[in-house]
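Asks:
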Amino acid sequence: MAVTERVICASDALVDAGEGVRFELDVQGRQVSAFAIRFGGRVYAYVNRCAHVGVELDWQLGRFFDAEGEHLICSTHGAAYAPESGLCVHGPCKGAALVALPVEEKNGKVVQKSHD
């Protein structure tokens, strides 16, 4: 199985606890929304789907963090997720988690890794 890498954005497009970068994934021939954020100096990426109801999280396009920049917030039900793990720490889906995606920074870019 080969590992492929896809560039999501430039590393400097993600500011710690700032706006995220949305991108699309191909999942079994269907386009699925995803996003990348920076928190604590590291980059994380998740499928853009609340663990509670399956709606997209961002309350405005690319805005995932709460006002304090501590949690990712679902715009529909207010579920709060830990940015570094995707675990719901408060709200209707407490204990559930966002679907994490493998990403890393390479040569000034954020790349997603996938297995073909």
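Residues 111 to 226, numbered by the numbering used here, are exactly what the sequence shown covers, in order. We put the CB at the ideal spot given by N, CA and C, even for glycine.
1) Can you tell which of S224, A177, L211 has the C-alpha that lies nearest to the C-alpha of R159?
2) Let's see if you can read the secondary structure: which residues bound the beta strand (DSSP E) around K216?
3) Quick one: using the 10 Å Cβ neighbour count with 16 as the cut-off for buried, is V165 buried or exposed?
4) What is the residue span of the beta strand (DSSP E) that V199 lies within?
5) Would you call the CB atoms of I147 and G130 closer than 8 angstroms?
6) Does the contact criterion of 3 or more C-beta pairs under 8 angstroms hold for the segment 194-205 versus the segment 123-141?
7) Going by CA-CA distance only, name the one from F149, F145, P193 that's closest to L171.
8) Using beta-carbon positions only, say whether H187 and V163 come within less than 8 angstroms of one another.
9) Which complete beta strand (DSSP E) runs does the segment 151-203 hold, if anything under 3 residues is left out?
10) Return the chain-ordered list of same chain residues with a C-beta closer than 8 angstroms to the C-beta of A207, the five sequence neighbours on each side being excluded.
11) Tell me the rounded alpha-carbon separation between V137 and V209.
12) Over the uninterrupted beta strand (DSSP E) stretch that includes L135, give me the two end residues.
Replies: The relevant details are as follows:
1) The shortest C-alpha separation from R159 is found at L211.
2) 213-216
3) With fewer than 16 Cβ atoms within 10 Å of its Cβ, V165 is classed as exposed.
4) 198-200
5) yes
6) no
7) F145
8) yes
9) 152-157, 198-200
10) A161, Y191, S195, G196, L197, C198
11) In a straight line, the C-alpha of V137 is about 13 angstroms away from that of V209.
12) 131-137
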